[in-house]
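Colleague:
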Amino acid sequence: MALVVVTDHVFPHLDQERAMLAAAGHELRFDGNASTPDEVADVVRGAAGILNCYTPIPSDLTRSLEGCRIIARYGIGLDTIDVAAATEAGIVVTNVPDYCIDEVSDHALALIMGLTRGIVRLDRRVHMGSWSPMDASPLHRLRGRTLGLVGFGRIARALAAKASAVGFRVLAFDPFLPDEAIADAGAEPRDLATLLAGADVVSLHAPLTPDTHHMIGTAELGSMRPGAVIVNTSRGGLVDLDAVREALSGGTLGGVALDVMEQEPPDPDDPLLTHPGVIITPHAAFYSEESMAELQRKATEQVIDALAGKVPPYAANARELGLTSA
């Protein structure tokens, strides 16, 4: 029997994980959400497998783990885990890259529509006692407008198809994909500068890395069309919100919709919370009852595979560890 611990989670319960691990002969332990490095260190002591959600696992702790064989992330991104440190320690790192494609692309499209059709702004004004379609002016016909996708993975491709169906022309930038692959998936390949200059809506779908941190800042916002809007359902650190606040106050940015922020939740005094051109949702794009059940199941499957001596299908560092599937 191996011990599997959960550092933190946001789910109603862990019944699925507990049953799956018990059936495989393992024990699940969860003592409450760890939020500090010391708490994480206490939680993971003696674990052969770790299930991790939002709380970062310190790099020095990762390198010092003894007997740990896998760290499985509840999610797509791996920014809570130092994959290089885990690889040094011989620990497999996994994620679940395919669990909420529909949910996040739907949420991104909803935020785009909420901004470009003035839905949220009009709703707020009606609740304040106004009754005028001009409260959201200027609005423009969506057909023929241009959507720029920064990153063109599974979610962005799903969004491209949905946005095309309502009339958007779709551009995409992804430095890891050849232009032919982008074109074959229904978007027009562009470099980042050209995309920003040509898009009415910019939607972010890139991972957070040292290279992409604040990739949308003052210079990038200044290069965009006047009145263009930004949507971020990926990672909060992609956008410099100080630059966004300045662009909104200066009137050059038409609006912003954020499901993710660098500080979550934001400061109650953040002016973005009261700006009429801003929509903020609480890191909820991934959520549906179906996607959560799928996420919990797939993350646990990775742990069970690793503890059985198999290479988990979502192992992010299999090549670096020299692992090959049987």
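Letter by letter, the sequence shown follows residues 593 to 918 in this note's numbering.
Ideal Cβ positions, reconstructed from N, Cα and C, are used throughout, including at glycine.
If you're wondering where the values come from, they're calculated on a predicted model, not measured in any experiment.
In angstroms, rounded to a whole number, what distance separates the CA positions of ALA835 and LEU813?
Modeller: As a first step, residue 835 is located in the sequence shown; it is residue number 243 there, counting from the start. As a first step, residue 813 is located in the sequence shown; it is residue number 221 there, counting from the start. C-alpha separation (whole angstroms): 8 angstroms.
Colleague: Would you call the segment 645-660 and the segment 893-900 touching, i.e. three or more CB-CB distances under 8 angstroms?
Modeller: As far as the Cβ criterion goes, the segment 645-660 does not touch the segment 893-900, which means the pair count is below three.
Colleague: By Cβ distance below 7 angstroms, which residues in the same chain neighbour MET705 in space, the five residues on each side in sequence not counted?
Modeller: As a working note, residue 705 is residue 113 in the sequence shown. Only ILE711 meet the Cβ criterion.
Colleague: Look up ILE872 in the DSSP assignment and say whether it is helix, strand or coil.
Modeller: Stepping through the sequence shown from its first residue, residue 872 is reached at position 280. The three-state secondary structure of ILE872, taken from DSSP, is strand.
Colleague: Is VAL903 helix, strand or coil by DSSP?
Modeller: In the sequence shown, the residue the question calls residue 903 occupies position 311. Correct three-state label for VAL903: coil.
Colleague: Between ALA676, ASP634 and ASP715, which has its C-alpha nearest MET726's C-alpha?
Modeller: Within the sequence shown, residue 726 is the residue found at index 134, counting from 1. The candidate whose alpha carbon is nearest that of MET726 is ASP715.
Colleague: Report the three-state DSSP secondary structure of ILE896 (helix, strand or coil).
Modeller: Numbered from its first residue, the sequence shown carries residue 896 at position 304. Three-state result, ILE896: helix.
Colleague: Do the CB positions of THR647 and THR672 come within less than 8 angstroms of each other?
Modeller: Along the sequence shown, one-based indexing puts residue 647 at 55. Along the sequence shown, one-based indexing puts residue 672 at 80. Against a cut-off of 8 angstroms, the Cβ pair of THR672 and THR647 comes out as a contact.
Colleague: Would you report the Cα separation of GLY828 and ALA616, rounded to the nearest angstrom?
Modeller: What you label residue 828 is simply residue 236 of the sequence shown in a count that begins at 1. What you label residue 616 is simply residue 24 of the sequence shown in a count that begins at 1. CA-CA distance, GLY828 to ALA616, rounds to 37 angstroms.
Colleague: Per DSSP, what kind of secondary structure is GLU658 in: helix, strand or coil?
Modeller: Position 66 of the sequence shown, counted from the start, is the residue given in the question as residue 658. Coil, per DSSP.
Colleague: When DSSP builds the beta bridges, which residues end up paired with PHE765?
Modeller: For the purposes of this step, residue 765 is taken as the residue at position 173 of the sequence shown. DSSP lists VAL742 as partners of PHE765.
Colleague: In this structure, how does DSSP classify LEU613 when only helix, strand and coil are distinguished?
Modeller: Against the sequence shown, residue 613 aligns to sequence position 21. Reduced to three states, the DSSP call for LEU613 is helix.
Colleague: Under 8 angstroms by Cβ, that's how I've got GLY790 and GLY846 pegged, so tell me the actual separation to the nearest angstrom.
Modeller: Against the sequence shown, residue 790 aligns to sequence position 198. Against the sequence shown, residue 846 aligns to sequence position 254. Contact doesn't hold; Cβ gap of about 15 angstroms is too wide.
Colleague: Please tell me whether LEU800 and LEU751 are closer than 8 angstroms, where the distance is taken between their beta carbons.
Modeller: For the purposes of this step, residue 800 is identified with residue 208 of the sequence shown, where counting begins at 1. For the purposes of this step, residue 751 is identified with residue 159 of the sequence shown, where counting begins at 1. No, Cβ-Cβ distance for LEU800 and LEU751 is not below 8 angstroms.
Colleague: Using the three-state DSSP reduction, which class does THR679 fall into: helix, strand or coil?
Modeller: Here residue 679 is taken as the residue at index 87 of the sequence shown, counted from 1. Residue state, collapsed to three classes: helix.
Colleague: I need the straight-line Cα distance from PRO858 to VAL852, nearest angstrom please.
Modeller: One-based indexing of the sequence shown puts residue 858 at position 266. One-based indexing of the sequence shown puts residue 852 at position 260. Their Cα atoms are separated by approximately 10 angstroms.
Colleague: Express the C-alpha separation of TYR666 and SER627 in angstroms, rounding to a whole number.
Modeller: Here residue 627 corresponds to residue number 35 of the sequence shown, with the count starting at 1. Here residue 666 corresponds to residue number 74 of the sequence shown, with the count starting at 1. If I take the Cα positions, the gap works out to 16 angstroms.
Colleague: Taking the alpha carbon of GLY778 as the reference point, which residue from LEU763, VAL758 and LEU769 has its own alpha carbon closest?
Modeller: For this step, residue 778 is matched to residue 186 along the sequence shown. Residue LEU763 is the option with its Cα nearest to GLY778.
Colleague: Just tell me which of VAL596, LEU788, ASP652 and TYR879 has its CA closest to the CA of PRO818.
Modeller: Taking the first residue of the sequence shown as position 1, residue 818 is located at position 226. Ranking VAL596, LEU788, ASP652 and TYR879 by Cα distance to PRO818 puts LEU788 first.
Colleague: Just to check my reading of the structure: ARG761 and ILE693 have Cβ atoms closer than 8 angstroms, yes? What is that Cβ distance to the nearest angstrom?
Modeller: As a first step, residue 761 must be located in the sequence shown, where it is residue number 169. As a first step, residue 693 must be located in the sequence shown, where it is residue number 101. Taking 8 angstroms as the upper bound for CB-CB distance, ARG761 and ILE693 are not in contact here, some 22 angstroms apart.
Colleague: Inspect the CB distances between the segment 676-688 and the segment 876-883 and report whether three or more fall short of 8 angstroms.
Modeller: Too few Cβ pairs lie closer than 8 angstroms, so no.
Colleague: Which term fits LEU865, buried or exposed, when burial requires 16 or more other beta carbons within 10 angstroms of its beta carbon?
Modeller: Here the question's residue 865 lines up with position 273 in the sequence shown. LEU865 comes out exposed.
Colleague: Identify whether ILE822 lies in helix, strand or coil by the three-state DSSP scheme.
Modeller: If you number the sequence shown from 1, residue 822 lands on position 230. The answer is strand: DSSP assigns ILE822 an E or B state.
Colleague: Can you tell me whether ALA753 is buried or exposed, with buried defined as 16 or more other CB within 10 angstroms of its CB?
Modeller: In the sequence shown, residue 753 corresponds to position 161, counting from 1. Under this definition ALA753 is an exposed residue.
Colleague: Under 8 angstroms by Cβ, that's how I've got ALA820 and VAL794 pegged, so tell me the actual separation to the nearest angstrom.
Modeller: In the sequence shown, counting from the first residue as 1, residue 820 sits at position 228. In the sequence shown, counting from the first residue as 1, residue 794 sits at position 202. Distance from ALA820 to VAL794 at the Cβ level is roughly 7 angstroms; contact confirmed, criterion being Cβ atoms closer than 8 angstroms.
Colleague: Measure the Cβ-Cβ separation of LEU899 and ALA614 and say whether it is below 8 angstroms.
Modeller: In the sequence shown, the residue the question calls residue 899 occupies position 307. In the sequence shown, the residue the question calls residue 614 occupies position 22. The answer is no: Cβ separation not under 8 angstroms.
Colleague: Near VAL742, which residues of its chain fall below 6 angstroms by C-beta distance, leaving aside the five closest residues on each side in sequence?
Modeller: Within the sequence shown, the letter at position 150 stands for residue 742. Counting only Cβ-Cβ distances below 6 angstroms, and skipping sequence neighbours, we find PHE765, LEU796 and ALA798.
Colleague: What residue does the alpha helix (DSSP H) around ILE693 start on, and which one ends it?
Modeller: The residue you call residue 693 lines up with position 101 of the sequence shown. Run containing ILE693: 693-708, per the alpha helix (DSSP H) assignment.
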